[in-house]
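Residue numbers (our numbering), protein chains in the order written: chain Y, 1 to 353; chain V, 1001 to 1514.
Glycine is no exception: its CB is placed at the ideal position from the N, C-alpha and C atoms.
For clarity, every value in this text was computed on a predicted model and none was experimentally measured.
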């Protein structure tokens, strides 16, 4: 009778594992997925299918090239999350090769070149999205209008056909299907000298509201999913709170300074990808700050950058660039935000060499 | 800095509100305590031989006072303490000393340690024990604790007489650690249920001798029977003892509540500074089993001869608590309680901090609290760290386990020191919550060795440098002295020469003058 020796204590593990974490995040994105499909049709599902195909192929290939075991790493489901994050950012009817390129860039360059899961410096989804955004700006600005605002929306088959071939059915023009996003409409309108009231009255996307209904409900869906993640303990409060508070504060300050040219906080929070970013993008653990106060600074930093780029920058929305810039700062943030250890009076700064 | 403190406070406040816990972090592993509390404390038959380790405590090995073949009585001194940290060891029962040599004991690496082997004769003849007068000074308490061979029986193994301050009144509060936060273990629970008087009287006598004003028993709320037993006894005794305030403080069940500093924070709100001991704050903490041992040492005059140990796990047929003589091989207890499978995983202690057993023949020592035998489970594969920070949220010390892990992997001693690796208590919370199932604590254990080695090397370098500098200075001084001596000599010679030269002239001068 020889006792079986184990490695070392502890011998008991919690119920949580990486696969579950990834699956829970995907579950939390489901309401938003449904809302997206309700407003923009089934395009997003087609793109998820395209994205997943390329993402899994790229992941498997890279794992093979890097000599890593394929099955356990492929089934950590992190590529699924990357794909879904990318697809939410892309126009719902963007061509298949855009999805393919974005996912390939995300998985191959942003993730595996840096060492794979856990080692990537930049958020893969945002890197992939930024890559196609700056490489193919024309395609990326063609946003599908919500189906309710189009007299003759594409059906499922026409959507698939359009994504793969770029061919629209006879009698339907591209202009009839697409329009500016709320952020783009506002940005272009302001550049053209219009006031906010004029923009919101004239731009079709707003449908007569100050916040576009599609954006509003999508934001709400992300908020619901995000709160679920908070309750489950998958994400921590510091990042979304820092992000949302920073954007709201800046928006409120400038809006009260000049309400005709600076949109209010509600507009900023409920348009574009703010809620999506707050709960699903900046909360990516691998590329975010890991200290309690570092997470708050990370959120605030991303929020400030988003507001600055949206308001004065060259892009209508700025989640990708803000997140990528903050990713670069993470090692520094982490090194200056070491928390105070039990029994010590002050937090030490991490040692610099 | 301000934001960092603010977030720390928010976090603590939330933890307090949600769970009633006053320290950061902690986890809730499956308790599995109920399986071993169905039966009263059992007394299995004596083992064929007792292997009594001489290194049960922290400090140098005790020195054998017996020879092979000698017959000893129960309670007889068989090894005296090696100062300054040791404690004496007594024969648990009557029998013959059959060997003195190295046996596999409780060492985590399975290295054999010095032991005395006692073959019991089954008569269980005891030395006559004489009850001691209740100690009223720190010195008399220390003497009793030392001579009874009492060490921290919660697992630390630190000799108890060394733990207490020298001056009466220096300690104002005695904290009784009855948390027993490790899953599976119920030996303290059963001791309190069955012998609450030993725990409370022991605590009161120790507190009296120390001149303490208050005794707080910190007990987790998962032991309602033990709490009731303590409270019942407290009500009986409160009439005749009012000098010391006794408080049975029920604390939430969270691991590692039983960690000394965490329990102090929970009970008193005080955070023990990293560079101080709890005694500096007027606090001293003893485990319930230690106090029960103190009680027996005073009231009966009996040294530590036995201990209560939980034999449990899913591979044990009749999990329960047993009181066995020190030195009983674990295999003896396991067989007595019934083994379901020969392929179990054997642990000394609980699943969170337990030490793997390298030989089933390893013996029970004074600090053994549990023999845990579980059926082996398939180990899940380790994935890369995804920096989720769950480990940081679980760390009761508020360390950054995830960063420590990276630096441990790269042996970056400077960073490990800057992140206070040495404050890690190896409780295992970080590894427990890790979704990638990384054996974090194992990395820290290795890293601590690297840090110690680095420190030793740096000190050696420093010493060598000092020696070298001292040598250089000495040489320089010698050189200087020699030069000075030479110069002095030269000057003296020159002066002498001059004198000689001058002297004749001086001598002649008068002549000239004359």
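Selected residue, minimal CA-CA separation from residue 1280/V, among 1117/V, 1288/V, 1166/V, 1144/V | Here residue 1280/V refers to the residue found at position 280 of the second chain. Looking at the Cα atoms, 1166/V is the closest of the given residues.
What first and last residue would you give for the alpha helix (DSSP H) that runs through residue 160/Y?
-> For this step, residue 160/Y is matched to residue 160 along the first chain. Segment 156 to 165, the alpha helix (DSSP H) holding residue 160/Y.
Paired residues, beta bridge with residue 1318/V - DSSP | For the purposes of this step, residue 1318/V is identified with residue 318 of the second chain, where counting begins at 1. Per DSSP, none; premise fails for residue 1318/V.
Just the Cα atoms here: how many angstroms apart are residue 4/Y and residue 1446/V?
-> Working through the first chain from its first residue, we reach residue 4/Y at position 4. Working through the second chain from its first residue, we reach residue 1446/V at position 446. Any reading at residue 4/Y must be qualified, since the residue scores a pLDDT of 42, below 50, and its modelled position is unreliable; the value itself is stated next. Looking at the two C-alpha atoms, the distance is approximately 22 angstroms.
Are there 16 or more other CB atoms within 10 angstroms of the CB of residue 1313/V, so buried, or fewer, so exposed?
-> Residue 1313/V sits at position 313 when you count from the first residue of the second chain. Buried: at least 16 other Cβ atoms inside 10 Å.
Could you check how far apart the C-beta atoms of residue 354/Y and residue 278/Y are, in whole angstroms? I think they sit under 8 angstroms.
-> The shown model of chain Y, from 1 to 353, leaves out residue 354/Y, and the question about it has no answer.
With distances taken Cα to Cα, identify the nearest neighbour of residue 1123/V among 1048/V, 1216/V, 1188/V, 1255/V.
-> Counting from 1 along the second chain, the entry for residue 1123/V is found at position 123. Nearest of 1048/V, 1216/V, 1188/V, 1255/V to residue 1123/V, Cα basis: 1048/V.
Expressed to the nearest angstrom, what Euclidean distance is found between the alpha-carbon atoms of residue 70/Y and residue 64/Y?
-> The residue labelled residue 70/Y in the question sits at position 70 within the first chain. The residue labelled residue 64/Y in the question sits at position 64 within the first chain. If I take the Cα positions, the gap works out to 7 angstroms.
Taking the beta strand (DSSP E) that residue 1245/V falls in, what are its first and last residues?
-> Counting from one through the second chain, the residue named residue 1245/V turns up at place 245. It spans 1245 to 1251 - the beta strand (DSSP E) in which residue 1245/V sits, taken as one unbroken run.
Where residue 36/Y meets chain V, residues with beta-carbon distance less than 8 angstroms = Counted from its first residue, the first chain places residue 36/Y at position 36. Within chain V, no residue comes near residue 36/Y; the closest Cβ sits about 26 angstroms away, beyond 8 angstroms.
Any residues in the stretch 110 to 124 of chain Y with a beta carbon nearer than 8 angstroms to a beta carbon of chain V? Which ones, in chain order?
-> 116, 117, 118, 119
In the DSSP assignment, find the beta strand (DSSP E) that holds residue 1286/V and state where it starts and stops.
-> Walking along the second chain from the start, residue 1286/V turns up at place 286. It spans 1283 to 1287 - the beta strand (DSSP E) in which residue 1286/V sits, taken as one unbroken run.
Within-8 angstroms CB hit, residue 3/Y to chain V | In the first chain, residue 3/Y corresponds to position 3, counting from 1. Caution is warranted here: a pLDDT of 40 is assigned to residue 3/Y, below 50, making its placement in the model unreliable, and no coordinate value can be reported.
Do residue 1192/V and residue 1072/V come within 8 angstroms of each other at the CB atom, strictly closer than that value?
-> Position 72 of the second chain, counted from the start, is the residue given in the question as residue 1072/V. Position 192 of the second chain, counted from the start, is the residue given in the question as residue 1192/V. For residue 1072/V and residue 1192/V, no; Cβs fall outside 8 angstroms.
Between residue 79/Y and residue 55/Y, is the Cβ-Cβ spacing less than 8 angstroms?
-> Working through the first chain from its first residue, we reach residue 79/Y at position 79. Working through the first chain from its first residue, we reach residue 55/Y at position 55. Yes, the Cβ-Cβ distance between residue 79/Y and residue 55/Y is below 8 angstroms.
Residue 1153/V to residue 237/Y, Cα distance in whole Å?
-> For this step, residue 1153/V is matched to residue 153 along the second chain. For this step, residue 237/Y is matched to residue 237 along the first chain. Straight-line Cα distance between these residues: approximately 42 angstroms.
Pick from 58/Y, 210/Y, 175/Y, 168/Y that is closest to residue 158/Y, judged by C-alpha positions = As a first step, residue 158/Y is located in the first chain; it is residue number 158 there, counting from the start. When only C-alpha atoms are compared, the closest one is 168/Y.
Would you mind reading off the limits of the alpha helix (DSSP H) that contains residue 227/Y?
-> The residue labelled residue 227/Y in the question sits at position 227 within the first chain. From DSSP, the alpha helix (DSSP H) with residue 227/Y extends over 213 to 232.
Buried or exposed for residue 115/Y, please, with buried defined as at least 16 other CB atoms from any protein chain shown within 10 angstroms of its CB.
-> Walking along the first chain from the start, residue 115/Y turns up at place 115. The residue in question, residue 115/Y, is exposed, as its Cβ has fewer than 16 Cβ neighbours within 10 Å.
Provide the residue span of the alpha helix (DSSP H) that contains residue 90/Y, from first to last.
-> For the purposes of this step, residue 90/Y is identified with residue 90 of the first chain, where counting begins at 1. Per DSSP, residue 90/Y belongs to no alpha helix (DSSP H) and is neither H nor E.
Should the stretch 327 to 335 of chain Y be called in touch with the stretch 1014 to 1030 of chain V, which here means at least 3 C-beta pairs below 8 angstroms?
-> no
Is there a Cβ from chain V that is less than 8 angstroms from the Cβ of residue 261/Y?
-> By 1-based counting over the first chain, the position of residue 261/Y is 261. No, residue 261/Y lies away from the interface with chain V (no Cβ there is under 8 angstroms from its Cβ).
Hey, how far is the Cα of residue 27/Y from the Cα of residue 125/Y?
-> Working through the first chain from its first residue, we reach residue 27/Y at position 27. Working through the first chain from its first residue, we reach residue 125/Y at position 125. Each residue's Cα considered, the two are about 18 angstroms apart.
Mind checking residue 1002/V: buried by the 16 CB within 10 Å criterion, or exposed?
-> The residue labelled residue 1002/V in the question sits at position 2 within the second chain. Looking at its Cβ environment, which holds fewer than 16 other Cβ atoms inside 10 Å, residue 1002/V is exposed.
Going by DSSP, what residues sit across from residue 144/Y in a beta bridge?
-> On the first chain, position 144 is the one that residue 144/Y refers to. Note: residue 144/Y sits in a beta bridge opposite 178/Y.
On the three-state DSSP scale, how would you describe residue 1370/V?
-> For the purposes of this step, residue 1370/V is identified with residue 370 of the second chain, where counting begins at 1. Strand, per DSSP.
Determine the closest residue to residue 179/Y out of 137/Y, 98/Y, 91/Y, with distance taken between C-alpha atoms.
-> Translated into positions along the first chain, residue 179/Y becomes position 179. Of the candidates 137/Y, 98/Y, 91/Y, the one whose C-alpha sits nearest the C-alpha of residue 179/Y is 91/Y.
Select from the stretch 12 to 25 of chain Y all residues with a C-beta closer than 8 angstroms to any C-beta belonging to chain V, and list them in chain order.
-> 12, 13, 14, 16, 17, 18, 20, 21
Where residue 120/Y and residue 108/Y are concerned, what is the direct C-alpha to C-alpha distance, given to the nearest angstrom?
-> Here residue 120/Y refers to the residue found at position 120 when the first chain is read from its first residue. Here residue 108/Y refers to the residue found at position 108 when the first chain is read from its first residue. So the two alpha carbons sit approximately 11 angstroms from each other.
Where residue 1205/V meets chain Y, residues with beta-carbon distance less than 9 angstroms | Here residue 1205/V corresponds to residue number 205 of the second chain, with the count starting at 1. Those do not exist, as residue 1205/V stays about 31 angstroms from chain Y at its closest Cβ, beyond 9 angstroms.
Kindly indicate the opening and closing residues of the beta strand (DSSP E) around residue 42/Y.
-> Residue 42/Y sits at position 42 when you count from the first residue of the first chain. Segment: none, residue 42/Y is in no beta strand (DSSP E) and carries neither H nor E.
Kindly indicate which residue of 1005/V, 1410/V, 1136/V, 1250/V has the alpha-carbon position closest to the one of residue 1019/V.
-> To locate residue 1019/V, count along the second chain from 1; it is residue 19. Answer by Cα proximity: 1250/V.
First and last residue of the alpha helix (DSSP H) that includes residue 1208/V?
-> Counted from its first residue, the second chain places residue 1208/V at position 208. Counting along the chain, the alpha helix (DSSP H) containing residue 1208/V begins and ends at 1196 to 1210.
Decide if the stretch 1433 to 1443 of chain V is in contact with the stretch 1253 to 1272 of chain V; the criterion is three or more beta carbon pairs, one per stretch, under 8 angstroms apart.
-> no
4-residue-minimum alpha helix (DSSP H) runs that sit fully inside the stretch 1096 to 1178 of chain V, ordered along the chain = 1138 to 1147, 1160 to 1163
Could you confirm whether any beta carbon from chain Y is found closer than 8 angstroms to the beta carbon of residue 1485/V?
-> Working through the second chain from its first residue, we reach residue 1485/V at position 485. Not an interface residue.
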